[in-house]
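Asker: Below you'll find the structure I mean.
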Amino acid sequence: MLNAADVLVARPATDYDQQTECGDSEANEETDSDAPALLESPIGASAVMQFLEDLIFHRKMTATQVVFLKDKYLKLCSYLSETRENEFNLVHQAKLFTTELERLDEETEKLRRQLERACEEIRSEIGKRCGEGRQLAQTLKDAQQTIQEEEKLVTLTHTQLETLRVRVFFASTLTYFTLISSFVVTLSST
Numbered sequence: 098m099l100n101a102a103d104v105l106v107a108r109p110a111t112d113y114d115q116q117t118e119c120g121d122s123e124a125n126e127e128t129d130s131d132a133p134a135l136l137e138s139p140i141g142a143s144a145v146m147q148f149l150e151d152l153i154f155h156r157k158m159t160a161t162q163v164v165f166l167k168d169k170y171l172k173l174c175s176y177l178s179e180t181r182e183n184e185f186n187l188v189h190q191a192k193l194f195t196t197e198l199e200r201l202d203e204e205t206e207k208l209r210r211q212l213e214r215a216c217e218e219i220r221s222e223i224g225k226r227c228g229e230g231r232q233l234a235q236t237l238k239d240a241q242q243t244i245q246e247e248e249k250l251v252t253l254t255h256t257q258l259e260t261l262r263v264r265v266f267f268a269s270t271l272t273y274f275t276l277i278s279s280f281v282v283t284l285s286s287t
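For reference, each letter of the sequence shown is one residue, going 98 to 287 in this note's numbering.
Here it is as structure tokens:
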């Protein structure tokens, strides 16, 4: 009795298969031209089914075993077909995502350049404002020094004025006394 591991099913590529593959790839551009069409072609499936029928005919396997193998083969074909379809869908999605990623990268780079320009403008404006602030602070410092000097001059002028008033008062008092004394002398001489 044969085990499933002892059976090797191989089928050489035929001109019909190559025509089918070429026709499929021309009709559907999303299919992979290198993918074999063994399980998709009616010849490949019918050859496997015929081989399994021959095993029954030559009494190498029972009908139950062959039905079991046919079922497994058809499930395998279904899984392979689903896998290929999923693979094609994933490749298509990968292309879409790659395109979207490239678009987002370009947009991100554009936004990064805009952000750098905005930051540079802000730095320039801050530098300008800091320069104006330093200049204004220096102007205020100079004005404060000028005010302090003027306050000193005002204080000095007030002091000199008071001194002058006192001198004028004493001088006028002295003159007054001198006049009175001269008047008294004049009166007394008379």
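Glycine included, each C-beta is placed from N, C-alpha and C at the ideal position.
So, I153 versus V163, is the Cβ gap smaller than 8 Å?
Answerer: Yes. Within cutoff.
Asker: Could you check the C-alpha separation between Q211 and E218 for me, to the nearest Å?
Answerer: Going from the Cα of Q211 to the Cα of E218 covers about 10 Å.
Asker: Can you give the beta carbon distance from L149 to K167, rounded, assuming they're within the 8 Å contact cut?
Answerer: So it is a contact: roughly 6 Å between Cβ atoms.
Asker: Which of the three DSSP states, helix, strand or coil, is assigned to T283?
Answerer: T283 falls in the helix class under three-state DSSP.
Asker: Does DSSP put M57 in a helix, in a strand, or in coil?
Answerer: Because the chain in this structure spans residues 98 to 287, residue 57 falls outside the shown range and cannot be described.
Asker: Y176 to R209, Cα distance in whole Å?
Answerer: Each residue's alpha carbon lies about 47 Å from the other.
Asker: Run through DSSP, which three-state label would K238 get?
Answerer: K238: helix per DSSP, three-state reduction.
Asker: DSSP three-state label for R156, please.
Answerer: Three-state result, R156: coil.
Asker: How many angstroms separate the CA atom of E213 from the CA atom of S221?
Answerer: Each residue's Cα considered, the two are about 12 Å apart.
Asker: Hey, how far is the Cα of K169 from the Cα of H189?
Answerer: Distance between the alpha carbons of K169 and H189: 30 Å.
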